[in-house]
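**Student:** Take this structure first; my questions come after.
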Amino acid sequence: MRAAVIGAGLAGAAAARALAHAGLEPALFDKGRGPGGRLSTRRAETPQGMARIDHGAQFVTAETAAFQALLDEAHGAGAARMWDARLVSIDRTGGMQPLRAKPRWIGLPGMNALVRTALDGMDVRFGARATHLSGGPGGWLVHFEDARVEGPFERVALTVPPEQLIDLLARSDHDFSGLIAEARDAQMGPCWTVMGVHDGPFDPGFDGAQLTGGAIRWMARMNARSGYDGPECWVLQASTGWSQAFLEAEPEKVAGALGEEAFVRFGLPAPVWRRAHRWRYALVEAAPGTPAALDASGTLGAGGDWRLGPRAELAWTSGLALGDALSG
Ligand SMILES: Cc1cc2nc3c(=O)[nH]c(=O)nc-3n(C[C@H](O)[C@H](O)[C@H](O)COP(=O)(O)OP(=O)(O)OC[C@H]3O[C@@H](n4cnc5c(N)ncnc54)[C@H](O)[C@@H]3O)c2cc1C
Numbered sequence: 011m012r013a014a015v016i017g018a019g020l021a022g023a024a025a026a027r028a029l030a031h032a033g034l035e036p037a038l039f040d041k042g043r044g045p046g047g048r049l050s051t052r053r054a055e056t057p058q059g060m061a062r063i064d065h066g067a068q069f070v071t072a073e074t075a076a077f078q079a080l081l082d083e084a085h086g087a088g089a090a091r092m093w094d095a096r097l098v099s100i101d102r103t104g105g106m107q108p109l110r111a112k113p114r115w116i117g118l119p120g121m122n123a124l125v126r127t128a129l130d131g132m133d134v135r136f137g138a139r140a141t142h143l144s145g146g147p148g149g150w151l152v153h154f155e156d157a158r159v160e161g162p163f164e165r166v167a168l169t170v171p172p173e174q175l176i177d178l179l180a181r182s183d184h185d186f187s188g189l190i191a192e193a194r195d196a197q198m199g200p201c202w203t204v205m206g207v208h209d210g211p212f213d214p215g216f217d218g219a220q221l222t223g224g225a226i227r228w229m230a231r232m233n234a235r236s237g238y239d240g241p242e243c244w245v246l247q248a249s250t251g252w253s254q255a256f257l258e259a260e261p262e263k264v265a266g267a268l269g270e271e272a273f274v275r276f277g278l279p280a281p282v283w284r285r286a287h288r289w290r291y292a293l294v295e296a297a298p299g300t301p302a303a304l305d306a307s308g309t310l311g312a313g314g315d316w317r318l319g320p321r322a323e324l325a326w327t328s329g330l331a332l333g334d335a336l337s338g
C-alpha cells in the first residue's frame, strides 16, 4: 500500500517511519528546499565568511524512549550530540542562574541534521507544495502548486502546521470538517529571530540564555556549538508576545530593536551582518491534546507538534502515533 506524507519535518519523518514499519510504502512531500522544517539551519555568506545558523529550534530534549532512540541513532551517525554549554536564565534585574541541568541535544553540523537522520533512506521530494487532495479512501490524489498530481495513495498523513492544514483541507473536495475544526482550535505563536555575525569574539559569560523582562526570550552563541567553524554569531529570539505585537514590522526595524536590547543588557556589539526571520507559526500555544486525528474513513489523518505542545519531541510522538493509526 502506498502512503503520502505531506510535510517532511520531524512529525512527517516519524509518520513515514511508522508507516514503513507496518509494511506500507511512504513517499514524503515538502514545500521546503531541504530537510528540517522548524529544526532549521541556514547557511549565510557574510563579510566574515560562511556562517551556519540554527534559527529555529535551538536544542531538543527527550523524555520518551522513542525520541531518545532517534537521538541515539543520530549520535551514532555523527549527526547529534549533547549540548555541553554555559546555559543560564537571566531575569529582568540581570540575576543569572544556571538552567536546570538536563541533557540537551543539538544536531551536527546543524539542527536540521536530526531530521535528515530521521529521513534517511526515505523517498522524499522537496520543493513540492501540496495544495489540495482529490479522490477518496482507497485512492487519494495529492495536487501540487506546479499542477503535478501524485497518487493514488491508500493512506495520507498530513503533518503540516494547522494553518497550512486548514488551507489544504478546505480546498479539497471532501468533508474534512472534523479535522478542520480541531486545527482551528490549535494556536501557534510567532517568533521573530535575529541572526547577527560579528567581527570579533563576544563572550558575556554564557552561551545560551533564557531571558525575561524584555523583548528577547532566548539568545545563543552559534560558535559555542560543536563543529561550528564560522565567524562569531549570535541568535536572538523574541518572546511570543513581542513577536505578535510587531508581527508586521519591517525586518530591519526588528533586527535593530532586538540588537539594541542585547547591547543595553549585555553589551552585544553591532553586527557586521544581520538578518531577521519571522516565524509566523513557531510555537504551539494551544493544542487539541491528542497525538493524531483521522478522518471518518480512517485512511487520512493529521499530526504535528500542534496536536500536543511546543517541543520537537512532541512532533515526533505525534508523527509516530499518526503513522500507527493509519497502519491499523
Ligand atoms: C523559533 C523556534 C524555536 C524553537 N525552539 C525549540 C526548542 O528550543 N526546543 C524544541 O524542542 N522545540 C523548539 N521549537 C519547536 C520545534 O521546532 C517544533 O516543535 C518541531 O520542529 C515541529 O515539527 P513538525 O514536523 O510538527 O513541524 P515542521 O517542522 O513545521 O514541519 C512541517 C513541514 O511541513 C512543510 N509544509 C507546510 N505546508 C506544506 C504544504 N502545503 N506542502 C508540503 N509541505 C508543507 C514545511 O515546509 C515543513 O517542513 C522551536 C520552533 C521555532 C520556530
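Letter by letter, the sequence shown follows residues 11 to 338 in our numbering. Each residue gets a CB set at the ideal place from its N, CA and C atoms; glycine is no exception.
Could you work out which residue in 266, 252 and 15 is closest to residue 129 when comparing CA atoms only?
**Tutor:** Here the closest residue by C-alpha is 15.
**Student:** Skipping 5 residues on each side, what residues in its chain have a beta carbon closer than 6 angstroms to that of residue 176?
**Tutor:** Within the same chain, residue 176 has close Cβ partners 190 and 193.
**Student:** Is it buried or exposed for residue 257, if we count other Cβ within 10 angstroms and need 16 for buried?
**Tutor:** Counting Cβ neighbours within 10 Å, residue 257 comes out exposed, since fewer than 16 surround it.
**Student:** Out of 272, 17, 40 and 84, point me to the one whose CA is closest to residue 214's CA.
**Tutor:** Minimum Cα distance to residue 214 is reached at 272.
**Student:** How big is the Cα-Cα spacing for residue 49 and residue 126?
**Tutor:** Distance between the alpha carbons of residue 49 and residue 126: 10 angstroms.
**Student:** Is residue 312 near residue 167, with beta carbons less than 9 angstroms apart?
**Tutor:** Yes.
**Student:** With DSSP as the reference, label residue 73 as helix, strand or coil.
**Tutor:** Residue state, collapsed to three classes: coil.
**Student:** Taking all protein chains shown into account, decide if residue 231 is buried (16 or more other Cβ within 10 angstroms of its Cβ) or exposed.
**Tutor:** Buried: at least 16 other Cβ atoms inside 10 Å.
**Student:** Output the boundary residues of the alpha helix (DSSP H) element that contains residue 273.
**Tutor:** From DSSP, the alpha helix (DSSP H) with residue 273 extends over 261–276.
**Student:** Could you name each continuous alpha helix (DSSP H) segment of 4 residues or more that falls completely within the segment 63–145, going from the start of the chain to the end?
**Tutor:** Fully enclosed alpha helix (DSSP H) runs of 4 or longer: 75–86 and 122–128.
**Student:** Which residue's Cα is closest to the Cα of residue 116: 297, 250, 237 and 326?
**Tutor:** Closest by alpha carbon: 237.
**Student:** Please report how far the alpha carbon of residue 132 lies from the alpha carbon of residue 28, in whole angstroms.
**Tutor:** Cα-Cα distance, rounded: 12 angstroms.
**Student:** CA-CA distance, residue 96 and residue 40?
**Tutor:** Each residue's Cα considered, the two are about 35 angstroms apart.
**Student:** Which partner residues of residue 199 appear in the DSSP bridge assignment?
**Tutor:** DSSP, once it has assigned bridges, lists 293 as partnering residue 199.
**Student:** Would you say the beta carbon of residue 65 is closer than 8 angstroms to some non-hydrogen atom of ligand 1?
**Tutor:** Because some heavy atom of ligand 1 lies under 8 angstroms away, the Cβ of residue 65 counts as near it: yes.
**Student:** Output the distance between the C-alpha atoms of residue 255 and residue 158, rounded to the nearest integer angstrom.
**Tutor:** Approximately 39 angstroms, taken between the alpha carbons.
**Student:** Taking 8 angstroms as the cut-off, is the C-beta of residue 315 nearer than that to any heavy atom in ligand 1?
**Tutor:** Yes - ligand 1 has a heavy atom lying nearer than 8 angstroms to the Cβ of residue 315.
**Student:** Grouping DSSP H, G and I as helix and E and B as strand, with all else coil, what is residue 257?
**Tutor:** Residue 257 falls in the coil class under three-state DSSP.
**Student:** Give the list of continuous beta strand (DSSP E) stretches no shorter than 3 residues that lie fully inside the segment 152–179.
**Tutor:** DSSP runs (the beta strand (DSSP E)) wholly in the segment 152–179: 159–163 and 165–168.
**Student:** When DSSP labels each residue in this structure, what does residue 35 get in the three-state scheme?
**Tutor:** If DSSP states are grouped into helix, strand and coil, residue 35 belongs with the strands.
**Student:** Here's the rule I'm using: 16 or more other beta-carbon atoms within 10 Å means buried, otherwise exposed. How should residue 229 be labelled?
**Tutor:** So residue 229 ends up on the buried side.
**Student:** Identify whether residue 330 lies in helix, strand or coil by the three-state DSSP scheme.
**Tutor:** Residue 330: helix per DSSP, three-state reduction.
**Student:** According to DSSP, what are the bridge partners of residue 246?
**Tutor:** Answer by DSSP bridge pairing, in chain order: 204 and 229.
**Student:** Provide the residue(s) that pair with residue 15 in DSSP beta bridges, ordered along the chain.
**Tutor:** Per DSSP, 38 and 167.
**Student:** Do residue 24 and residue 335 come within 9 angstroms of each other at the CB atom, strictly closer than that value?
**Tutor:** No, the pair does not count as a contact, with Cβ atoms beyond the cut-off.
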